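For the sequence shown, this note's numbering begins at 1 and goes up steadily by one. Report on the structure given below.
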Amino acid sequence: MVKTILRKLLNLILYPLRIIIKLLISLLKRLKFSIAFKISTTYLILYIIIIMTVALTTSVGYLIFELQKFEDTTAAMDSEKILSSFPGFNNIDVKEESYNSFEIFDSNLNTYFTTGRLGRYADSIIVIAEKIIYDNEYVHSESFTKNGALYYMNISYPMEDMLRDAWRISFMVLISGAIGLMFFAPIVSSTSYKLIVPIKNMTEITKTITVNNINTRLDVKGTEDELKELSETFNEMMDRIEGGYKTQQQFVSDASHELRTPIAVIKGYVNMLDRWGKDDKAVLEESIEAIKNETENMQDLIEKLLFIARSDRSTLNFTKEDFRIRTVLNEIEKETKMIDSTHKLYFKFYDDATIYGDKMRIKQAVRILLDNAMKYTPRGEYIMVSGFIQDEYYVIKVEDTGAGIQKNELNKIFDRLYRAEQSRSKQISGHGLGLSIAKIIVLGHKGKIRVKSTPGKGSEFNLLFPYLDS
Numbered sequence: 001m002v003k004t005i006l007r008k009l010l011n012l013i014l015y016p017l018r019i020i021i022k023l024l025i026s027l028l029k030r031l032k033f034s035i036a037f038k039i040s041t042t043y044l045i046l047y048i049i050i051i052m053t054v055a056l057t058t059s060v061g062y063l064i065f066e067l068q069k070f071e072d073t074t075a076a077m078d079s080e081k082i083l084s085s086f087p088g089f090n091n092i093d094v095k096e097e098s099y100n101s102f103e104i105f106d107s108n109l110n111t112y113f114t115t116g117r118l119g120r121y122a123d124s125i126i127v128i129a130e131k132i133i134y135d136n137e138y139v140h141s142e143s144f145t146k147n148g149a150l151y152y153m154n155i156s157y158p159m160e161d162m163l164r165d166a167w168r169i170s171f172m173v174l175i176s177g178a179i180g181l182m183f184f185a186p187i188v189s190s191t192s193y194k195l196i197v198p199i200k201n202m203t204e205i206t207k208t209i210t211v212n213n214i215n216t217r218l219d220v221k222g223t224e225d226e227l228k229e230l231s232e233t234f235n236e237m238m239d240r241i242e243g244g245y246k247t248q249q250q251f252v253s254d255a256s257h258e259l260r261t262p263i264a265v266i267k268g269y270v271n272m273l274d275r276w277g278k279d280d281k282a283v284l285e286e287s288i289e290a291i292k293n294e295t296e297n298m299q300d301l302i303e304k305l306l307f308i309a310r311s312d313r314s315t316l317n318f319t320k321e322d323f324r325i326r327t328v329l330n331e332i333e334k335e336t337k338m339i340d341s342t343h344k345l346y347f348k349f350y351d352d353a354t355i356y357g358d359k360m361r362i363k364q365a366v367r368i369l370l371d372n373a374m375k376y377t378p379r380g381e382y383i384m385v386s387g388f389i390q391d392e393y394y395v396i397k398v399e400d401t402g403a404g405i406q407k408n409e410l411n412k413i414f415d416r417l418y419r420a421e422q423s424r425s426k427q428i429s430g431h432g433l434g435l436s437i438a439k440i441i442v443l444g445h446k447g448k449i450r451v452k453s454t455p456g457k458g459s460e461f462n463l464l465f466p467y468l469d470s
């Protein structure tokens, strides 16, 4: 019972302390102090809490130990003496005893006998706690049976000396903690500053990073904690940013180059017309035709660049619907045979399936592969297009017997404005954007694009689209 009482008292005493701690932590979070100050303050608060807890638990432990010893010795002997003189209590003189008073209650908890003022049986922790706090008395309580009747007994003992000793112990612990705080505070302050130095260095380095020195990285040597992980993560992020920036620079440079050529051609013909082409019908017709072709070329390039830009901004929309893929493939077959009579064209669609997607975009992706096949396949050679179901995908395969692609270029052909070595001749037109657009279309339909190629023997492209039913 003693332990339970003291535990309740401990919780009661610690409650205001918990409220204060919560308020301090909330204050530290809201005020704009430096991290070093917050760390130092947090450590100091924890130190103070630990010292106060040690002081409290030491004094409470002392009280528990003394009260338990008191219960086993003095209280037990006094209880036995009182019970031996029941019911008259004639041989007991309270003034000569160690206790202040005692009370006997009947089975209904009505006062049967008392040596002091009327009270109530200490049947709860609250009553005992009130006596300790307000009267500095400890109440020993027990029940006993005499002549077949049940009785209850309280024995009240003074606690001034015991409480005074507990406070002395607590005070000594607090004094020792205060002395220790004089040594602990500067150590915490120095340690906190050392912890913050790497963060300050990281801040200073990141402030210097600009477009002109985007290759600057944080130093991760000498650290083996979370700061090293943070530095490595930051460096990896900067690697990605630098790679994207360089790719963007290259893209802008290549796009500018692609636009510069038709503009130069148009400007040349305009100058020629301005000088002598106004009166020369042949020069006039040649200039108009060239300007018309270059304008169409520029329009095609700009539309492709806008398509890719919309994809980058996630504003590219697909108008999706359910349709039979065989219908689209038959249209492609018919159109291709109309515009190409120089190659041996073979179309074989083994299966049909319903696909949920943008019909025109899928048709555009297949047309891109067919246009490339016609560009890089010599006259009279084979171009084959087939369609079939493979696992959970409908596969559209475009094969040719053209120049093929070098192995070291296969992983670059989907890069924007990249053109393989054999496609850079003036006789083969293009901007190097077609495969990039085809890839965007396929991925926009949750599909896949695969390529196999052998230099000198041809290439094979596979577009894989998820289908609903066959």
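Quick reminder that beta carbons are idealized off the backbone N, C-alpha and C, glycines included. Quantities reported herein were computed from a predicted structural model and do not represent experimental measurements.
Practice prompt. Could you have a look at isoleucine 413 and say whether DSSP puts it in helix, strand or coil?
Written response: Note: isoleucine 413 maps to coil in three-state DSSP.
> By the 10 Å Cβ neighbour count, where 16 or more other Cβ atoms means buried, how is threonine 327 classified, buried or exposed?
Replying inline: When all chains shown are included, threonine 327 counts as exposed.
field: For arginine 313 and isoleucine 362, the rounded distance between their alpha carbons
entry: Using only the alpha carbons, I get a separation of about 21 Å.
Going by DSSP, what residue range makes up the alpha helix (DSSP H) through alanine 36? Note, alanine 36: alpha helix (DSSP H), 35-70.
*So the alpha helix (DSSP H) asparagine 371 belongs to, where does it begin and stop?*
Here residue 371 is aspartate; the residue named in the question, asparagine, does not match the sequence. Membership of aspartate 371 in the alpha helix (DSSP H) is indicated by the continuous run 359-376.
Assign asparagine 108 to buried or exposed, taking buried as 16 or more other Cβ atoms, counted over all protein chains shown, within 10 Å of its Cβ. The residue is exposed, with fewer than 16 neighbouring Cβ atoms inside 10 Å.
Next on the checklist: Which residue marks the beginning of the beta strand (DSSP E) containing methionine 153, and which one marks its end?
Outcome noted: First-last of the beta strand (DSSP E) with methionine 153: 149-158.
Original post:
Which of helix, strand or coil does DSSP assign to proline 186?
Top reply: Here proline 186 carries a helix assignment [DSSP, helix/strand/coil].
Take serine 423 and list the residues in its own chain whose beta-carbon comes closer than 6 Å to its own, dropping the five residues that flank it on each side.
At serine 423, the pLDDT of 49 sits below 50, so the modelled position is not reliable and the matter cannot be decided from this model.
Arginine 217 (DSSP reduced to helix, strand or coil): The three-state reading of DSSP puts arginine 217 in coil, since its state is none of H, G, I, E or B.
- Query: For methionine 202, which residues from the same chain have a beta carbon less than 6 Å from its beta carbon, with the 5 sequence-adjacent residues on both sides left out?
  - Reply: Leu218.
Measuring only the C-alpha atoms, how far is valine 451 from glycine 387? Within the model, the alpha-carbon separation for valine 451 versus glycine 387 is close to 16 Å.
*Would you kindly work out how many angstroms separate the C-alpha atoms of valine 398 and lysine 334, rounded to a whole number?*
In a straight line, the C-alpha of valine 398 is about 15 Å away from that of lysine 334.
Exercise. Whole angstroms is fine: what's the gap from phenylalanine 102's alpha carbon to leucine 56's?
Key: Between phenylalanine 102 and leucine 56, the C-alpha separation is close to 31 Å.
Beta-carbon gap between methionine 384 and histidine 343 smaller than 8 Å:
Taking C-beta atoms as the reference points, methionine 384 and histidine 343 fail to come closer than 8 Å.
- Can you check DSSP and say which residues form a bridge with glycine 387? In the DSSP assignment, glycine 387 forms a beta bridge with Phe349 and Ile396.
**Prompt:** Just reading off the beta strand (DSSP E) that glutamate 321 is part of, what are its end residues?
**Reply:** Start and end: 321-324.
Excluding the 5 residues flanking aspartate 340 on each side, which residues of the same chain have their C-beta closer than 7 Å to its C-beta? Cβ within range, chain order: Met374.
- Please report how far the alpha carbon of valine 366 lies from the alpha carbon of tyrosine 376, in whole angstroms. Between valine 366 and tyrosine 376, the C-alpha separation is close to 16 Å.
- Anyone know if the C-beta pair for leucine 464 and valine 395 falls short of 8 Å? For the pair leucine 464 and valine 395, the CB atoms are nearer than the 8 Å cut-off.
Could you pull out every residue in the same chain whose Cβ sits closer than 6 Å to the Cβ of isoleucine 368, ignoring the five residues on either side in sequence? Contacts found: Gly434 and Ala438.
Legend entry - Boundaries of the alpha helix (DSSP H) in which isoleucine 308 is found, first to last residue: According to the DSSP assignment, isoleucine 308 belongs to the alpha helix (DSSP H) that extends over 281-312.
- Message: Quick check on DSSP: helix, strand or coil for serine 85?
- Response: Secondary structure of serine 85 (DSSP, three-state): coil.
_CA-to-CA distance, asparagine 136 to proline 158, given in whole angstroms_ = If you take the alpha carbons of proline 158 and asparagine 136, they lie about 6 Å apart.
key: Distance, glycine 456 Cα to glutamate 421 Cα   = In this predicted model, glutamate 421 has a pLDDT of only 49, less than 50, meaning its place in the structure is not dependable; the value taken from the coordinates is given anyway. Answer to the nearest angstrom: the Cα atoms are 13 Å apart.
Exercise for review: Could you please give me the residues that DSSP links to tyrosine 356 through a beta bridge?
Suggested key: Answer is Asp322.
Next item on the list: Measure from the alpha carbon of phenylalanine 105 to the alpha carbon of each residue in Gly119, Glu96 and Ser98, then state which is nearest.
Entry: Looking at the Cα atoms, Gly119 is the closest of the given residues.
Spatial distance of leucine 443 from glutamate 303 (CA atoms)
So the alpha carbons of these two residues sit roughly 19 Å apart.
Look at the alpha carbon of alanine 282 and the alpha carbon of glutamine 364, and state the distance between them as a whole number of angstroms.
Answer to the nearest angstrom: the Cα atoms are 37 Å apart.
Between which residues of its own chain and serine 84 is the CB-CB distance below 6 Å, once the five residues before and five after are set aside? Once the five neighbours on either side are set aside, serine 84 has no close Cβ partner at all.
Checklist entry - Cα-Cα, which of Tyr138, Thr336, Asn110 and Ser79 is closest to leucine 63? => result Selected option, being the one with the closest Cα: Tyr138.
Expressed to the nearest angstrom, what Euclidean distance is found between the alpha-carbon atoms of lysine 426 and glycine 402? Low confidence applies to lysine 426: its pLDDT is 45, below 50, so where it sits in the model is not reliable, and the reading given next is rough at best. Computed Cα separation, rounded: 17 Å.
- prompt: Between the Cα of phenylalanine 323 and the Cα atoms of Ala75, Gly357 and Leu345, which residue gives the shortest distance?
  reply: By alpha-carbon distance to phenylalanine 323, the top candidate from Ala75, Gly357 and Leu345 is Gly357.
Contacts around phenylalanine 86, its chain only, beta-carbon distance under 7 Å, and the 5 residues preceding and following it disregarded
Cβ within range, chain order: Lys146.
Measuring straight from C-alpha to C-alpha, what distance separates asparagine 154 and lysine 22?
Note on geometry: alpha-carbon atoms of asparagine 154 and lysine 22 lie some 41 Å from one another.
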